[in-house]
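Just so you know, we're using the working numbering here: the sequence shown kicks off at 8 and counts up by one.
Heads up, the beta-carbon is just placed ideally off N, CA and C, and yes, glycines get one too.
Shown next, in structure tokens, is the structure this report addresses.
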Amino acid sequence: KRVAYDARTGRKWWVVVDAQPSAEYTGVAGLIFSPNSKRIAYVAWKSEKQMVVVVDGQVSEEYERIIRCPIFSPDSKHVAYVAWKGEKRIAVVVDGQAGTEYEGIAKDSVIFSPDSKRVAYHAKNGQKQLVVVDGQAQAEYDSIAAGHLVFSPDSKHVAYVAKNGEKCFAVVDGRAHHEYEGISAPIFSPDGGHVAYVAWNGENRLMVIDGQPGAEYDSICEPSPVFSPDSKHVAYIAQKGAKLLV
8 KRVAYDARTG RKWWVVVDAQ PSAEYTGVAG LIFSPNSKRI AYVAWKSEKQ MVVVVDGQVS
68 EEYERIIRCP IFSPDSKHVA YVAWKGEKRI AVVVDGQAGT EYEGIAKDSV IFSPDSKRVA
128 YHAKNGQKQL VVVDGQAQAE YDSIAAGHLV FSPDSKHVAY VAKNGEKCFA VVDGRAHHEY
188 EGISAPIFSP DGGHVAYVAW NGENRLMVID GQPGAEYDSI CEPSPVFSPD SKHVAYIAQK
248 GAKLLV
């Protein structure tokens, strides 16, 4: 029911929302509606080194750089982005409030929980990396796998994949699981009470459910695993020799 776009005349840019133009800027980016279509946000340049985020027409404080364009929470009530302000320190800003500053934040790692009440992201301190959940820094590791940070469907749990040296492991609610040579992204059951992922050492593959390793196979087929709707069962397809097993 609504239309928004950015437009330029000469060197000036506007965002036009429902035929109403915004203030003038030297550039705009990241134009996005909230999930309920009632709100709108975008990044704007006031000058080459002065950037702001505009949410529902309200302009944020100025930053040297916006690393991550704004995202809305699932319920449309909250907005988050990643900003850089001085000494190359960056922070996640939620509803205009900046969190702890870090040397780096993975720009696509900022996520809201399904109930919109929690925020998590992947940050960097020196040579170490960590996940921050609800503003609280978790343990530091050599690296955090990109794109694997996830909340459970009930929003009560969070999981990701970390690495120390050559070993990978899942971290669930801040607790590191057993180490493997590699693991897939963790998958939560529909009720959020269980988590599963594929792990491997050498050529062998195994399914790990709630931290407990299953039998080893030559391979486990994607996509795996699949939880039943009531979360009481899990299934996957595996190969051992020339046979496929369910």
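Scanning its chain for C-beta atoms nearer than 7 Å, with the 5 sequence neighbours on each side dropped, one finds around Asp82 the residues Ser123, in chain order.
DSSP, read as helix, strand or coil, puts Glu31 in coil.
Rounded to the nearest whole angstrom, the CA to CA distance from Glu108 to Tyr224 is 44 Å. The bridge partners DSSP lists for Pro81 come to none. Taking C-beta atoms as the reference points, Tyr243 and Met214 count as a pair closer than 7 Å. Cβ neighbours of Cys76 within its own chain (closer than 6 Å, five residues either side excluded): Gly37, Val50.
Per the DSSP secondary-structure output, Leu137 pairs in a beta bridge with Ala130.
Between Gly218 and Arg72, the alpha-carbon positions lie close to 41 Å from each other. Assignment of beta-bridge partners to Arg72 by DSSP yields Trp91.
In the structure shown, Gly189 adopts extended strand secondary structure according to DSSP, grouped into three states. Asn208: member of the beta strand (DSSP E) spanning 202-208, first to last residue. Put simply, of Lys84, Glu55, Arg15 the residue whose alpha carbon is nearest the alpha carbon of Phe40 is Lys84.
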